[in-house]
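Below: the structure, in structure tokens.
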Amino acid sequence: MSTFAIGDLQGCLAPFEALLDTIGFNPDRDRLLLAGDLVNRGPDSLGALRRVHSLRDNVQVVLGNHDLHLLAVAHGHARPKSKDTLQPILDAPDRDTLLAWLQSQPLLVDAPEFGAVMTHAGLPPLWTLDQARRRAAEIAQVLADPERADIFFGQMYGNEPAGWRDQLTGATRWRVITNYFTRMRFVDRQGDLDLTTKGEADQPPAGFVPWFEHPDRLDPGRRVLFGHWAALEGRSGVDGVEALDTGCVWGGCLTALRLDDNVRFRCDC
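Below, the structure written as structure tokens:
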């Protein structure tokens, strides 16, 4: 049995199938951890979502910002953007099954046998792992409640507040938690987010650093698996911080990390 962590699919079904062949994936024995953003921008979002759903007994998924955008559109709280490739999912006869399954996925997955944790964008540097687990579980409970989920998607978008404060409540609190788990790249000394800069790690905005380089990380020894940041090209430069988004949808490659021995496999896109 092997466990593979795979970066953002973003609707790239053919490279995903090719990568599964490359790693010799066997659903009778192997397990996949997917770093979120299963859909959007790529050529076959419906096919990618269906394929992952078909492997659901062998797959653990964390939600990414594009997955949540799909759900917000489906709930009527957002309009598709010009570059979205989500309409085939919204028109599919099995849309309700697929969307219900997607909405039931968490923001954080533990892989304790490997001393690892996976989220879409990383582990907020000024949260302990226990705090991160509790806040991810809080959003999972919100998404499982139809009334609160509707409020969540209606107020999910936005860059403010920029950072965590213990006194946050309601939809504002949910938005900040979600931004950390699904949109985080650069943070300042007090842990606040810059959500407008998307470039390389060595070009941060003034006063900010990549989240994994924060000098006061509360859990620096934790092995963190994450996607989201294609500009890193799979390299964080920090031991144990495993960047998995290698820009498949932008013509890069799709990456799988075998956690058993830390070997990486790639399939050109």
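For what it's worth, full-length UniProt numbering labels the leading residue of the sequence shown as 1, then goes sequentially. Note that the Cβ used here is the ideal one computed from N, Cα and C, for glycine as well.
Does DSSP put residue 271 in a helix, in a strand, or in coil? Because the chain in this structure spans residues 1 to 269, residue 271 falls outside the shown range and cannot be described.
Just checking my contact of Leu46 with Ala92 at CB under 8 Å: how many whole Å lie between their CB atoms? So it is a contact: roughly 6 Å between Cβ atoms.
- Are there 16 or more other CB atoms within 10 angstroms of the CB of Val117, so buried, or fewer, so exposed? buried
* Can you find at least 3 beta carbon pairs, one from the stretch 212-228 and one from the stretch 103-119, that sit closer than 8 Å? -> In short, these stretches touch, since the Cβ pair count reaches three.
Q. Does the distance from the C-beta atom of Ala243 to that of Gly42 stay below 9 Å?
A. no
* So what does DSSP say about Asp188, is it helix, strand or coil? -> strand
To the nearest angstrom, how far is the alpha carbon of Phe25 from that of Asp245?
19 Å
Q) Anyone know if the C-beta pair for Leu259 and Phe4 falls short of 9 Å? A) With respect to Phe4, Leu259 sits close: the two C-beta atoms are nearer than 9 Å.
Open item on the list: Excluding the 5 residues flanking Trp211 on each side, which residues of the same chain have their C-beta closer than 6 Å to its C-beta?
Closed with: Result list for Trp211: Gly122, Pro125, Met184, Val187, in chain order.
Open item on the list: Distance check for Asp194 and Pro204, CA to CA, integer angstroms please.
Closed with: Computed Cα separation, rounded: 9 Å.
Tell me the residue span of the alpha helix (DSSP H) that contains Phe152. 146-154
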